[in-house]
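In this note's numbering, the protein residues as written are 633 to 713.
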(Lines of atoms letter the chains of each structure in order from A and count residues from 1; the text may use other names and numbers.)
(Lines give C-alpha, C1' and ligand atoms only; values in the text may rest on other atoms or scores of the structure.)
Protein backbone atom coordinates (compact mmCIF):
# COMPACT_ATOMS: atom_id res chain seq x y z
CA UNK A 1 0.00 0.00 0.00
CA UNK A 2 1.10 3.53 -0.59
CA UNK A 3 -0.05 7.01 0.23
CA UNK A 4 -1.74 8.64 -2.75
CA UNK A 5 0.71 10.91 -4.56
CA UNK A 6 -1.41 14.03 -4.25
CA UNK A 7 -1.80 13.79 -0.45
CA UNK A 8 -0.08 16.62 1.42
CA UNK A 9 1.09 16.30 5.02
CA UNK A 10 2.62 18.95 7.25
CA UNK A 11 5.21 18.34 9.96
CA UNK A 12 2.61 19.00 12.65
CA UNK A 13 0.21 16.33 11.36
CA UNK A 14 -2.21 18.14 9.08
CA UNK A 15 -3.16 15.93 6.10
CA UNK A 16 -5.00 17.29 3.08
CA UNK A 17 -6.62 15.16 0.38
CA UNK A 18 -7.10 17.37 -2.70
CA UNK A 19 -9.15 14.63 -4.37
CA UNK A 20 -11.96 14.98 -1.82
CA UNK A 21 -11.13 18.33 -0.21
CA UNK A 22 -11.02 16.64 3.18
CA UNK A 23 -8.43 17.39 5.84
CA UNK A 24 -7.36 15.35 8.85
CA UNK A 25 -5.05 15.63 11.82
CA UNK A 26 -2.76 12.86 13.00
CA UNK A 27 -0.36 12.61 15.91
CA UNK A 28 3.44 12.37 15.75
CA UNK A 29 3.29 8.61 15.17
CA UNK A 30 0.83 9.11 12.33
CA UNK A 31 3.14 11.64 10.67
CA UNK A 32 6.00 9.15 11.05
CA UNK A 33 4.01 6.34 9.40
CA UNK A 34 2.65 8.48 6.56
CA UNK A 35 6.11 9.85 5.81
CA UNK A 36 7.57 6.33 5.73
CA UNK A 37 4.78 5.19 3.40
CA UNK A 38 5.40 8.19 1.12
CA UNK A 39 9.10 7.30 1.08
CA UNK A 40 8.21 3.83 -0.20
CA UNK A 41 9.23 1.92 2.93
CA UNK A 42 7.86 -1.62 3.25
CA UNK A 43 5.30 -2.46 5.91
CA UNK A 44 7.84 -4.70 7.64
CA UNK A 45 10.42 -1.91 7.75
CA UNK A 46 7.90 0.58 9.13
CA UNK A 47 6.82 -1.88 11.83
CA UNK A 48 10.46 -2.45 12.80
CA UNK A 49 10.99 1.34 12.91
CA UNK A 50 7.95 1.69 15.19
CA UNK A 51 9.31 -1.02 17.49
CA UNK A 52 12.68 0.71 17.68
CA UNK A 53 11.46 4.30 17.97
CA UNK A 54 8.67 3.68 20.49
CA UNK A 55 10.03 0.57 22.27
CA UNK A 56 7.06 -1.60 21.25
CA UNK A 57 6.73 -5.36 21.08
CA UNK A 58 6.00 -6.90 17.68
CA UNK A 59 2.29 -7.56 18.21
CA UNK A 60 1.61 -4.02 19.46
CA UNK A 61 3.55 -2.44 16.59
CA UNK A 62 1.76 -4.61 14.01
CA UNK A 63 -1.68 -3.91 15.49
CA UNK A 64 -1.09 -0.16 15.73
CA UNK A 65 0.28 -0.04 12.18
CA UNK A 66 -2.59 -2.09 10.72
CA UNK A 67 -5.20 -0.06 12.62
CA UNK A 68 -3.66 3.15 11.27
CA UNK A 69 -3.62 1.75 7.71
CA UNK A 70 -7.31 0.87 8.03
CA UNK A 71 -8.04 4.43 9.09
CA UNK A 72 -6.06 5.80 6.12
CA UNK A 73 -7.98 3.51 3.77
CA UNK A 74 -11.33 4.59 5.19
CA UNK A 75 -10.40 8.21 4.44
CA UNK A 76 -9.19 7.30 0.91
CA UNK A 77 -5.64 8.41 1.69
CA UNK A 78 -3.88 5.26 0.51
CA UNK A 79 -4.11 3.10 -2.58
CA UNK A 80 -3.49 -0.62 -2.86
CA UNK A 81 -0.47 -1.53 -4.96
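Backbone N, C-alpha and C fix where the C-beta goes; we use that ideal spot for every residue, glycine too.
- Taking a cut-off of 8 Å for Cβ pairs, the stretch 674-681 and the stretch 690-701 touch, as three or more such pairs fall below it.
- For residue 706, there is no enclosing beta strand (DSSP E); the residue is found in the alpha helix (DSSP H) stretching over 690-706.
- Ranked by Cα distance from residue 634, the first of 684, 671, 688 is 671.
- Straight-line measurement puts the Cα of residue 704 at about 14 Å from the Cα of residue 651.
- For residue 649, the secondary structure class from DSSP, reduced to helix, strand or coil, is strand.
- Residue 674 and residue 665 have their alpha carbons spaced roughly 11 Å apart.
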